[in-house]
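I have placed the structure first, in the form of structure tokens, so that the comments after it can refer back to it.
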Amino acid sequence: MATHKQKKSTAKPTSKPSTVVSIPPLSETVLDKRIFWVLCTIAFILFSNTLTHGFVLDDQAVIEQNKFVQEGFSGISKIMTTFYWEGYWESNGGLYRPLSLVLFAVEWGISPNNPFLHHFINVLLYAITIGALYKLLRLIFKQYTLWIPCCIALLFAVHPIHTEVVANIKSRDEILCFLFFVLTFRVVITSELKLWKHRLMAAGLFLLCLLSKEAGILFLPVMGLYFLLFRQQKVLQIARLFLPIVAISVAWLAVHQWIIQSSVHERITYTYLDNSVVGCPDSASQVATGIAILGRYLLKAFVPANMSYDYSYNEIPCESVGSPIVLLTLVVLIGMGYLIYRNWKKHPAISFGLLYFLITISLVTNVFTFIGATMGDRLLFAPVLGICIVVVVGLYLLFKQTEANASRTSAFYGIAFIAFLAGIFSFQRNKDWASNETLFAADVANAPNSARVHFNYGALLMAQLPEDINLQQSQLPEIADAFERALAIDSSDRGSHVNLGVCYYRLKDYPKSIDHSRKALKLNPQDATIAANLADAFFKNNQFDSAVVRYKILISTKQATAGNYSFMGTAFFNMKQYEKAIPVFKNGLKRYPKNEELLLNLGNSFGASGQFDQAIVTFLELLAINPNNKQVMQFLAMTYQRLGDGVNAQKYATMATTP
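Residue numbers (the working numbering): 28 to 686.
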């Protein structure tokens, strides 16, 4: 059998065979740096639309009209030695937070009355805070992949609840307090305060945290909790470790109390208008309402909807121990307690996140002590980190059990998608904080049961009323509706009664004007402006006797105006009591010489009472003050006509008709 040798092919390939180019994976160090800068950039871009915003809400008190801040660099010493609000008002709320005010004073000294600079610093500090937080989380959760601290920091950075803190310049105290806590914690973890330089650095940073906001003291047990859970150190070991920070905290507390107690201004007492929990009927209801507030904070941490700059009376109503929201919150707290216990050793990150939230939120729930607000989005700024930790670590552990990389990747993309949606929501909410106008208009819907929100909205619209009376008529009903809504919530709202008295006066609904002005005066009997409004409404409603009674009181005070005398005298005139009208106008002219309205009314009263010679003298005096007053010329012509002086009558009649 013949065999055939296989002939070798001599054909040459037309091209070189392709080679697979593999991209080496990024080292963890490089990836860590990139994540840091990406997070900082996301945080800055997300809030960049606040850079063109103006001064809003309490920015007026801490910057725009704060006399110490407006002194610039020279005001720093006063800021450091006075309570928080003293540069604006005398309400000593027991707060000492000089650090943010010092920064505001420096910025004012560099560029006075420039909201852009203040907003830029706020956004920049927030971006730095997010980067620093990521670095801290890398240390705390070093046993996990770096994507865990990345996702936690990302969720925290884009959380919509932070819009108030970043967009409202005043809330820089929240950012600074949290930032210096993060920096302190990082120093403590990396060095364990083994050297004096580390102890001094940690103590100094924590002092800055406390000088930013009093609630910073709650971060001390948080840091101890880390060593208890993750390092499994004994309580005495932890106590010794934190001695330098405890010492600086004691020193801070002593200075804090000295500043507050040495002030000449007495401490304010909170009312239901400041904190609606104060107005609850008994201590049981107050505690129950505080628990309900905690429940609301938990809900907002997961679903930050209907955010508002204000939650005062009666947006958060008083609750009873058996109310559904209180019971549900207690059930959730029991569940959180169980998770803390269950994961204490196995998954300490879960226990740490839950305890971090409960510790940092504790003082603002009004359960343990009353604060100056019922509730606030800004007060959830730091605590929400605990929820972010629990969500991210919880999802990681859940998918880790499947041992499926694809599932864990899906979880990461899921968190990224949630962060994307939250970022859009935050970016949109930022726009509401552009000005008082935009904020008040937006939050009428977000906090429909807050009397203050409706009042502020009505007051804003009222301040923007055009001078044209006819144009006012079309806008006044909406303004009156805002104040009526405020009164429907709080019938004792004096400001709403005052403004409704004015609104209905301008709408010529004098009975309603009288009703609201009466109620306002009852709430504040010494207010001369309200008394004048009521007297004027009586006058316009032709209730002259009632008007005169009010005007008599008014003209006996130093605050009496020329208008008070004019209206009172005219009330007598309209009742044909000329002999009473004339002395009123004369007395008014003693206080307001050469007042044209008083002179005109006095001349008319003389004429109506038949004292034509006195009328002519008065009208001529007025004409000497205002030679172009055609109305006075007409009255002079009429008065001379009654005296039978045709020559002068014709003279002034001609003058009155001559252009």
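No residue lacks a Cβ here, since even glycine has one placed at the ideal position from N, Cα and C.
All figures in this text were calculated on a predicted structure; none of them were measured in a lab.
CA-to-CA distance, residue j to residue i, given in whole angstroms
i, j, result
"residue 653", "residue 623", "8 Å"
"residue 48", "residue 439", "With a pLDDT of 45 at residue 48, under the threshold of 50, the modelled position of that residue is not reliable, and the figure given next carries that caveat. Between residue 48 and residue 439, the C-alpha separation is close to 27 Å."
"residue 174", "residue 71", "21 Å"
"residue 625", "residue 552", "28 Å"
"residue 399", "residue 197", "15 Å"
"residue 471", "residue 290", "37 Å"
"residue 532", "residue 120", "37 Å"
"residue 108", "residue 117", "14 Å"
"residue 515", "residue 358", "34 Å"
"residue 594", "residue 314", "54 Å"
"residue 144", "residue 477", "32 Å"
"residue 77", "residue 309", "42 Å"
"residue 260", "residue 254", "6 Å"
"residue 655", "residue 607", "30 Å"
"residue 414", "residue 366", "13 Å"
"residue 57", "residue 231", "31 Å"
"residue 379", "residue 256", "7 Å"
As assigned by DSSP and simplified to three states, the class of residue i
i, result
"residue 669", "helix"
"residue 405", "helix"
"residue 119", "strand"
"residue 294", "strand"
"residue 257", "coil"
"residue 109", "coil"
"residue 371", "coil"
"residue 332", "coil"
"residue 502", "helix"
"residue 413", "helix"
"residue 204", "helix"
"residue 171", "coil"
"residue 48", "With a pLDDT of 45 at residue 48, under the threshold of 50, the predicted position of this residue should be treated as unreliable, though the coordinate-derived value follows. Note: residue 48 maps to coil in three-state DSSP."
"residue 460", "coil"
"residue 142", "helix"
"residue 83", "coil"
"residue 635", "helix"
"residue 186", "coil"
"residue 177", "helix"
"residue 124", "coil"
Same chain only: Cβ atoms within 7 Å of residue i, ignoring 5 sequence neighbours per side
i, result
"residue 388", "321, 324, 410"
"residue 546", "524"
"residue 676", "664, 667, 668"
"residue 158", "63, 66, 67"
"residue 424", "374"
Assigned exposure category for residue i - 16 Cβ within 10 Å defines buried
i, result
"residue 298", "exposed"
"residue 361", "exposed"
"residue 392", "buried"
"residue 497", "exposed"
"residue 333", "exposed"
"residue 597", "buried"
"residue 327", "buried"
"residue 563", "buried"
"residue 258", "exposed"
"residue 190", "buried"
"residue 453", "buried"
"residue 285", "exposed"
"residue 460", "buried"
Same chain, Cβ closer than 6 Å to residue i, five either side skipped, listed in chain order
i, result
"residue 35", "With a pLDDT of 45 at residue 35, under the threshold of 50, the modelled position of that residue is not reliable, and the figure given next carries that caveat. Cβ within range, chain order: n/a, list empty."
"residue 90", "96, 131"
"residue 587", "581"
"residue 134", "144, 145"
"residue 687", "Lying before the first or after the last residue shown, residue 687 is absent from the chain, which here runs from 28 to 686."
"residue 38", "Since pLDDT at residue 38 reaches only 46, below the 50 mark, its modelled position is unreliable, and no value is offered."
Cβ of residue i within 8 Å of any chain B Cβ
i, result
"residue 579", "Protein chain content of the structure displayed is limited to a single chain, and chain B is not contained in it."
Close beta carbons around residue i, own chain, < 8 Å, minus the five adjacent residues each side
i, result
"residue 343", "303, 304, 316, 319, 320, 323, 401, 402"
"residue 355", "322"
"residue 614", "582, 592"
"residue 226", "220, 271"
"residue 124", "111, 200, 238, 239, 240, 241"
Any non-hydrogen atom of the ligand FMN closer than 7 Å to residue i Cβ
i, result
"residue 408", "For the ligand FMN, the structure offers nothing, since it holds no ligand at all."
Integer Cβ distance of residue i from residue j, believed to fall under 8 Å
i, j, result
"residue 241", "residue 122", "7 Å"
"residue 212", "residue 163", "6 Å"
"residue 639", "residue 669", "6 Å"
"residue 467", "residue 520", "That pair is no contact at about 16 Å."
"residue 83", "residue 463", "6 Å"
"residue 527", "residue 507", "6 Å"
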